[in-house]
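The sequence shown begins at 1206 in this note's numbering and counts up one residue at a time. Cβ coordinates follow ideal geometry from the N, Cα and C atoms, glycine included. Keep in mind that this is a model prediction, so the values were computed, not measured. Comments concern the structure below.
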Amino acid sequence: MSFIDEIQSVAGTCKSVNILLWCVFGFGVLKLTTLILRTLAMLFDLFILPSVNYAKYGAGKGNYCVVTGASDGIGKEYARQMAQRGFNLVLISRTLSKLESIKTQFEGQYKIKVEVLAMDVAADDSSNYEQIKQLCQNLPITVLINNVGQSHSIPVPFLETQEDELRNIITINNTATLLITQIIAPIIRDTVKDKKSSRGLILTMGSFGGLIPTPLLATYSGSKAFLQNWSTALAGELSGDKIDVELVLSYLVTSAMSKIRKTSMMIPNPKQFVASTLKSVGRRCGSQERYATVTPFWSHAIYEFVIDETFGVYSKIVNTINHSFHKSIRIRALKKAARKAKK
Ligand SMILES: NC(=O)c1ccc[n+]([C@@H]2O[C@H](COP(=O)([O-])OP(=O)(O)OC[C@H]3O[C@@H](n4cnc5c(N)ncnc54)[C@H](OP(=O)(O)O)[C@@H]3O)[C@@H](O)[C@H]2O)c1
């Protein structure tokens, strides 16, 4: 090879290295720009944009909001805050006495109408769905909040999960949610068509248990992950009918289900959680990468955002940390049960 050939070959290599460096630089700039834009979008959603106006969902015009699992915890708070916005309510839950006392309280306090239906949706009885249809078919319903849900009584290895617990979780979280939506969504569509409201809304309670695969809560985790895909698919199907469909993601909230009573920066009470949800409907907050999904509470949102932007929800490291977290909860729960049994 002559000296000239050698120089040309080195120059060729340098050119390729240059192009490669420019590509890496361009990719880095693109990644950084999208990260900055996503961070800004999250901060705007969480802290700057004003609350959603529920006039578009027919608030204050005699329209109804259906809430499942409405007699306690997050569901009761959804009912209260929708009543404050001027919606009449249909409340569905297990315990009639709790529902009746909420009806008396809310009708007096918020001057709205409240219908109640007590049923155990774990029974998966077709007569339950017939009752819901009978009660709701002639009401101007514009909002459905699919809140009812059940988790494991304590974290448990999948292979040791009792059959009735497994069946109840799937029946309550999935079958009941789907069948109730099949009854209520057409009623919302007709109410919107009749121009009693310009849009309809279907919210479904997801969970970080479904966002992040959760060892020792495997069945609950799977049931909530199911709701993510179902709800997002439904959002596509119903957008043409002017119905907004959204999955609501939450980390822990104080309630009977979570068995946590003390609030903290990461754990709001139902009032704080629901206020953040209803303020943010239609926005993504911490779920910047997910269509028709919102993670509304600020610390949950930042937590999800950081996981999404670093290891990812399906990574081994996140799975391992989650596993040891739930192992320690199981150990404490078993010790508590043993102490109770001794007494
Ligand atoms: N709390 C959390 O940390 C958390 C976190 C993420 C997601 N979530 C989700 O948020 C939703 C509400 O949870 P929560 O913590 O508010 O629960 P909760 O305090 O235990 O309240 C559950 C509500 O559902 C009703 N319910 C339960 N089983 C039922 C059944 N078989 N048939 C009819 N109604 C039934 C209960 O009725 P009774 O009062 O009559 O029993 C109660 O009104 C669930 O979907 C849950 O998965 C909760």
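{"Item": "For a test of the three-state rule: what should DSSP assign to Gly1313, helix, strand or coil?", "Value": "helix"}
{"Item": "Whose CA, out of Phe1478, Thr1409 and Ile1393, lies closest to the CA of Lys1447?", "Value": "Ile1393"}
{"Item": "Would you say Arg1355 and Asn1373 are within 7 Å of each other, going by their C-beta atoms?", "Value": "According to the sequence displayed, residue 1355 carries Gln and not Arg. Yes, the Cβ-Cβ distance between Gln1355 and Asn1373 is below 7 Å."}
{"Item": "Look up Asp1449 in the DSSP assignment and give the residues it is bridged to.", "Value": "Leu1406"}
{"Item": "From Phe1252 to Lys1261, what does the alpha carbon distance come to, in whole angstroms?", "Value": "22 Å"}
{"Item": "Tell me, which residues are paired with Asn1293 by DSSP?", "Value": "Tyr1269"}
{"Item": "Could you give the distance in angstroms between the alpha-carbon of Gly1405 and the alpha-carbon of Lys1545?", "Value": "48 Å"}
{"Item": "Among Thr1515, Arg1535 and Val1453, which has the Cα closest to the Cα of Thr1500?", "Value": "Val1453"}
{"Item": "So, using beta-carbon positions, are Leu1422 and Pro1360 closer together than 7 Å?", "Value": "yes"}
{"Item": "May I have the straight-line CA-CA distance separating Thr1419 from Ser1469, to the nearest angstrom?", "Value": "22 Å"}
{"Item": "Just curious, the alpha helix (DSSP H) that Leu1384 is in, first and last residue?", "Value": "Thr1382 to Lys1398"}
{"Item": "Leu1443 bridges to which residues according to DSSP?", "Value": "Answer is none; Leu1443 lacks a bridge partner."}
{"Item": "The beta strand (DSSP E) that contains Asn1258, what's its start and end?", "Value": "Premise fails: Asn1258 is in no beta strand (DSSP E) and is neither H nor E."}
{"Item": "Compute the minimum distance between the beta carbon of Ala1288 and the heavy atoms of ligand 1, and state whether it is under 6 Å.", "Value": "no"}
{"Item": "With C-beta atoms as the reference, is Met1410 less than 7 Å away from Asn1352?", "Value": "yes"}
{"Item": "Assuming Leu1294 and Phe1311 are in contact, meaning their beta carbons sit under 8 Å apart, how far apart are those beta carbons, in whole angstroms?", "Value": "7 Å"}
{"Item": "Can we count Ile1377 as close to ligand 1, meaning its CB is less than 6 Å from some heavy atom?", "Value": "yes"}
{"Item": "Can you tell me which of the three DSSP states Glu1282 falls into?", "Value": "helix"}
{"Item": "For a test of the three-state rule: what should DSSP assign to Asn1373, helix, strand or coil?", "Value": "helix"}
{"Item": "As a quick exercise: from Tyr1269, Trp1435 and Gly1491, pick the residue whose alpha carbon is nearest that of Leu1245.", "Value": "Gly1491"}
{"Item": "Spatial neighbours of Ile1375 within its chain, please: C-beta separation below 8 Å, excluding the five flanking residues on both sides.", "Value": "Thr1424 and Ser1428"}
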